[in-house]
Structure formats: C-alpha cells, structure tokens
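For what it's worth, my numbering labels the leading residue of the sequence shown as 1, then goes sequentially.
Have a look at the structure below before the remarks.
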Amino acid sequence: MVEENQSADQIILFYGDGCPHCTIVEEYIKENSIGDKISFAQKEVCYNQNNAKKLGAKAKICGLPTDSIGVPFLWDGEKCLIGDQDIINFFKQKTNG
Numbered sequence: 001m002v003e004e005n006q007s008a009d010q011i012i013l014f015y016g017d018g019c020p021h022c023t024i025v026e027e028y029i030k031e032n033s034i035g036d037k038i039s040f041a042q043k044e045v046c047y048n049q050n051n052a053k054k055l056g057a058k059a060k061i062c063g064l065p066t067d068s069i070g071v072p073f074l075w076d077g078e079k080c081l082i083g084d085q086d087i088i089n090f091f092k093q094k095t096n097g
C-alpha cells in the first residue's frame, strides 16, 4: 500500500464539463468509491486554461501532439491514458490489485 500512496499525489484526471466519456469515468469513480481508495486530483480543462496547460505539459511528456488532446485523460505519474475504458481499467487495477 505504501507504493500506491507514494504515486497517489501524482495521479491527475483531466476532464471536460459536458464531455460524455468523462461522465462515464466520473460515474464509475462515484459508484465504486474510487476517491476513497486512491488519492488523485481532478482538473477541468474546457473552462480552466491553467488546467489545460497542465494537460498539454503531461501530453508532451508522453510524446503526444499537444494541439489535439482529448479528455478524459489520466496522468498516472509516469504515463498517459486517454479514453474512458483505459482510465476505468487503470482504476480497476489499482483497486483490485
């Protein structure tokens, strides 16, 4: 469990208000109490330019084109995950492992 806590501060879920795939991830998080099991930040990027810049910086680290990044987007401290299924699978692994 110590390992999870060390990386927990680095996990960031970027989302957009009104994004249907983001809603799927948000519902999964609520239904499975993921926030109680894993510490992570959530940052809205459609209306918050600072968060959008942070998203771009994480995408750049992963070698992704920063001008066409979609949400939901998860930074796990080392790599980028894009799309509801990959992010849900990440949370499943973290909580069941």
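Glycine included, C-beta positions come from ideal geometry on N, C-alpha and C.
Values in this document were obtained by computation on a predicted structure and should not be read as measured data.
Nearest-angstrom beta carbon gap, E44 and D17 [assumed within contact, 8 Å]: The Cβ separation is near 6 Å, so the contact holds.
Could you tell me which uninterrupted alpha helix (DSSP H) segments, each at least 4 residues in length, are contained entirely in the segment 6-91, listed from first to last along the chain? With a minimum length of 4 residues, the continuous alpha helix (DSSP H) runs that stay inside the segment 6-91 are 20-31, 34-37 and 49-61.
May I ask you to verify whether the segment 58-75 touches the segment 30-38, counting CB pairs closer than 8 Å and requiring at least 3? Result no; under three Cβ-Cβ pairs closer than 8 Å.
Please return the same chain residues whose Cβ sits closer than 8 Å to the Cβ of T95, not counting the five positions on each side in sequence. Non-local beta-carbon contacts of T95 in its own chain, meaning distances under 8 Å to residues more than five positions away in sequence, involve N32, I34, K37 and I38 in chain order.
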